[in-house]
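Novice: The sequence shown begins at 903 in our numbering and counts up by one. A virtual CB, placed ideally from N, CA and C, is assigned to each residue, including glycine. Given the structure is predicted, the values throughout are model-derived calculations rather than measurements. Here it is, the structure in full.
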Amino acid sequence: MHNKNTCVAPEKRARIRDPESKGRFRQQLLAEAKNLYQSSGYEAVSVRAVTKAAGISPMAFYGYFVSKQDLVKHIWLDFFSELFEHLEKAGRGKRSPVEVLTAHVDAYIEYWVAHPDRYRMVYLSSGTDSETASIRFDEGDVIAYQLLMLTRQRIAACASGRPIADEQVRMQTDMLFIKSLGYLHGVLTVGRYPFEDIDALKDSLVSDIVSNITRAIQ
903 MHNKNTCVAP
913 EKRARIRDPE
923 SKGRFRQQLL
933 AEAKNLYQSS
943 GYEAVSVRAV
953 TKAAGISPMA
963 FYGYFVSKQD
973 LVKHIWLDFF
983 SELFEHLEKA
993 GRGKRSPVEV
1003 LTAHVDAYIE
1013 YWVAHPDRYR
1023 MVYLSSGTDS
1033 ETASIRFDEG
1043 DVIAYQLLML
1053 TRQRIAACAS
1063 GRPIADEQVR
1073 MQTDMLFIKS
1083 LGYLHGVLTV
1093 GRYPFEDIDA
1103 LKDSLVSDIV
1113 SNITRAIQ
């Protein structure tokens, strides 16, 4: 006699547990996010939209990425790869380390000016404090680390063989970055300010950045 109280549990969708399969599905989610970004812009890249395209629930997303910011970081890395090539090319054929660094800073600023949507996505994208704090680039993010090291190497080269502490190189790299972002933020996001001559302002900024670096390390 069958027990009428016995019920059959609904079949659950199997979770991806082995690292290789999980890695492949993670790449699928990333591919869906890139497709959304390319077709509809950054605002279209949401956890709900990405998971819908991949055929999983929004909650399942967090088994592969910490947050939306963690996901879009990988889109940023594509930008950084392009930026790295742009900066490398800018330094070719220059006669001195100072000329190389000048071209480097100028090319860095020009890249983001040419791609304001990318600048806003990387540096102005919304997110909670906890999400933003959890996104850091380190040696595991190869292209981002290479970008950082290229900048440090070009700064150190301006010492012309003189001994220079690593801490000084890192500080000057940080100053270069902060000053460049200040210009970019003003030009790309503060539309109401009547800049007199943006090109002249940029040239003056690049000269100021390089001059201060060379004075600091020589």
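#1: Between the C-alpha atoms of tyrosine 1025 and lysine 996, what's the straight-line distance to the nearest angstrom?
#2: Give a yes or no on contact between the stretch 1078-1093 and the stretch 981-991, applying the rule of three or more CB pairs nearer than 8 Å.
#3: Figure out for me which residue from Arg1020, Leu1050, Glu1098 has the closest Cα to the Cα of glycine 943.
#4: What are the boundary residues of the alpha helix (DSSP H) that proline 1096 is part of?
#5: Could you tell me the distance, in whole angstroms, from the CA atom of leucine 1103 to the CA atom of tyrosine 964?
#6: Check whether the stretch 998-1009 and the stretch 1102-1119 touch, using three or more Cβ-Cβ pairs below 8 Å as the test.
#7: Since arginine 1020 is in the alpha helix (DSSP H), which residue starts that stretch and which ends it?
#8: Could you please give the first and the last residue of the uninterrupted alpha helix (DSSP H) stretch that includes tyrosine 944?
#9: Quick check: what's the CA-CA separation for serine 1113 versus tyrosine 1085?
#10: Valine 1000 and threonine 1116 look like a contact to me (Cβ under 8 Å); what is the Cβ gap, rounded to whole Å?
#11: When the Cα atoms are used, what is the spatial distance from threonine 1030 to alanine 1061?
#12: Using CA coordinates, which residue listed in Gly993, Ser923, Val947, Lys924 is at the minimum distance from leucine 934?
#13: Keeping to the same chain, check which residues put their C-beta closer than 7 Å to that of tyrosine 1010; ignore five residues upstream and five downstream.
#14: Can you tell me where the alpha helix (DSSP H) with glutamine 1055 in it begins and where it stops?
#15: Arginine 950: buried (16+ other C-beta within 10 angstroms of its C-beta) or exposed?
Specialist: Reading it off the structure:
#1: One alpha carbon belongs to tyrosine 1025, the other to lysine 996, and they sit about 30 Å apart.
#2: No: fewer than three Cβ pairs fall under 8 Å.
#3: Of Arg1020, Leu1050, Glu1098, the residue nearest in Cα terms is Arg1020.
#4: Segment: none, proline 1096 is in no alpha helix (DSSP H) and carries neither H nor E.
#5: Note on geometry: alpha-carbon atoms of leucine 1103 and tyrosine 964 lie some 44 Å from one another.
#6: As far as the Cβ criterion goes, the stretch 998-1009 touches the stretch 1102-1119, which means the pair count is three or higher.
#7: Here the alpha helix (DSSP H) through arginine 1020 covers 1018-1025.
#8: Taken as a continuous stretch (DSSP letters only), tyrosine 944 belongs to no alpha helix (DSSP H), as it is neither H nor E.
#9: Near 17 Å, if we compare the C-alpha coordinates of tyrosine 1085 and serine 1113.
#10: About 6 Å separates the two Cβ atoms, so the contact holds.
#11: Low local confidence applies: a pLDDT of 49 at threonine 1030 is under 50, so the model's placement there is unreliable, and no value is given.
#12: Here residue 934 is glutamate; the residue named in the question, leucine, does not match the sequence. Among Gly993, Ser923, Val947, Lys924, the Cα nearest to that of glutamate 934 belongs to Val947.
#13: The residues are Leu989, Ser1082.
#14: From DSSP, the alpha helix (DSSP H) with glutamine 1055 extends over 1044-1059.
#15: Around the C-beta of arginine 950, fewer than 16 other C-beta atoms lie within 10 Å, and the residue is accordingly described as exposed.
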